[in-house]
């Protein structure tokens, strides 16, 4: 049996070292690394880690994600690291037909109609955070707003408002950034399982109107869900609900704090904020968990796939190929920031509401904020995402009559 | 086969490949006159035909679907 590298060479698939673990440029200018990858070829082979294919344009990414029988999430290994680290966050770590049944059970909890009533509470939290920022008179957006709004809202929805919020946000970060060993990854997931498991147990005894209670009623094919899987799914919600939205939201406030023209556009025409959100997700795609393992032999862009081949989906670079420039009113616009195919981000509809309300409240409260001209951004990256470490801004708050 | 004249007056409708729709919700956000959400967020096409002059705008909605699940189907005018 020939190696991935040998088959890539024979098929004329280019080799390019794309190394999430060791390329320090991710800490300085991550988008340059993604753009570089996207410019190599729609599919290339990276010898980094244990060796993996990289799907680097939209069509190849889409082809892979729309074929879960060929491109599997089992084993649930992080495909692009030196060490073979597996994760356990169902239903991402499932394939059809099991995934289909679990997805069907979960999707009503996060549908557009189910999450619309959460809007007033999200707005209330956003204003509370802005009150605190106004009182402090200074602000680091990642610390004080983008990094807190989704976490505070989502933890409350998971019945965890009374817990140690700071520790819980740290845990969500630990599960998405850096490159934990298997031992560390298992410990992180175990600690989160303990927290969300306790919340589910508490809601069984005392139901409330929240997501944790909805989890207690979950049935798959008419049967209650085995406790370990139920807790695992709540753990995924815990991680994704806090971390992905805050990361994405931070990128948006970074852009708008630097580009006055775009900031003014959204103030003058707040009705286009939803369009602007899609465009900012396209250009500043957080990265997202994105590996697959071939379940069978096959073919991809002329490369002869063998079962067990690892693949990484460079969605960030793929989305930016359309245009690296932000154009808030872009039409038509499409992106893969919420993923594609059967694992499309389950929380996307609630994430969109959080970002829209976050932007509405932020520009109402701090319409003249800006990122200082001398600010040098630093980025945290890792297994699944890339994030601004900090984002200090000048508030110039509007005078309240 | 349509004559050129039939083509100009053809009625256009959207169609969604339900096997590909993943519930992103872009279509019913962008064009609520032609799409709705089902109970859990997947796309439903509303029964509303457009004249051929609307094709360009319809193609923007087609191109906005992340999954490529939307197409435009042509029928005789008045259908």
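Residue numbers (my numbering), protein chains in the order written: chain A, 820 to 1220; chain B, 154 to 232.
Think of the CB as a built atom: it goes at the ideal place given N, C-alpha and C, for glycine as much as any other residue.
Keep in mind that this is a model prediction, so the values were computed, not measured.
Taking each of 1059(A), 1133(A), 1194(A) in turn and checking the Cα distance to residue 993(A), the smallest one comes out for 1059(A). A Cβ-Cβ contact shorter than 7 Å links residue 202(B) with residue 166(B). Taking C-beta atoms as the reference points, residue 922(A) and residue 175(B) fail to come closer than 7 Å.
Residue state for residue 218(B) is assigned as coil, using DSSP reduced to three classes. When Cβ-Cβ separations below 7 Å define contact, residue 185(B) makes no contact with chain A. A distance below 8 Å between beta-carbons, with the five flanking residues on each side excluded, links residue 1036(A) to no residue of its chain. Residue 864(A) holds the alpha-carbon nearest to the alpha-carbon of residue 829(A) among 876(A), 925(A), 864(A). The stretch 845-857 of chain A makes no contact with the stretch 1109-1127 of chain A, as fewer than three CB pairs between them are under 8 Å.
Neighbourhood of residue 1155(A) in chain B, by CB distance below 9 Å: 219, in chain order. Runs of alpha helix (DSSP H) with 4 or more residues, each lying fully within the stretch 1103-1189 of chain A, are found at 1134-1139, 1167-1184, listed in chain order. Between the alpha carbons of residue 893(A) and residue 914(A) lies a gap of roughly 7 Å.
The beta carbon of residue 918(A) lies closer than 7 Å to those of 910, 1161 in the same chain, with the five residues before and after it left out.
Your pair residue 929(A) and residue 1166(A) checks out as a contact, with CB atoms roughly 5 Å apart and the cut at 8 Å. When beta bridges are read from the DSSP output, residue 1211(A) appears opposite 959(A).
Think of a sphere of 8 Å around the beta carbon of residue 198(B): no beta carbon from chain A falls inside it, the nearest being about 17 Å out. With the rule of 3 Cβ pairs closer than 8 Å, the stretch 1143-1161 of chain A counts as touching the stretch 1089-1109 of chain A. Boundaries of the alpha helix (DSSP H) around residue 856(A): 849-859. Between the alpha carbons of residue 1112(A) and residue 891(A) lies a gap of roughly 5 Å. When C-beta distances to chain B are compared with 8 Å, the residues of the stretch 880-892 of chain A below that value are 881, 885, in chain order.
Taking a Cβ-Cβ cut-off of 8 Å, the neighbours of residue 192(B) in chain A comprise 927, 930, 932, given in sequence order.
Around the beta carbon of residue 199(B), a 10 Å sphere encloses fewer than 16 other beta carbons of the protein chains shown; the residue is thus reported as exposed. Per DSSP, the beta bridge partners of residue 896(A) are 905(A). Nearest in C-alpha terms to residue 882(A), of all of 216(B), 220(B), 213(B), 215(B), is 220(B). Here the alpha carbon of residue 1135(A) sits roughly 5 Å from the alpha carbon of residue 1106(A). Sequence-ordered contacts of the stretch 1057-1072 of chain A with chain B are nonexistent [C-beta pairs closer than 9 Å].
Around the beta carbon of residue 1020(A), fewer than 16 other beta carbons lie within 10 angstroms, which makes this residue exposed. Nearest in C-alpha terms to residue 872(A), of all of 1062(A), 900(A), 848(A), 885(A), is 900(A). Between residue 1030(A) and residue 976(A), the gap from beta carbon to beta carbon is short of 7 Å. At least one C-beta of chain A is nearer than 7 Å to the C-beta of residue 178(B). Contact check for residue 1133(A) against residue 875(A) passes: the beta carbons are separated by less than 7 Å. Here residue 217(B) is buried, its C-beta having at least 16 other C-beta atoms within 10 Å.
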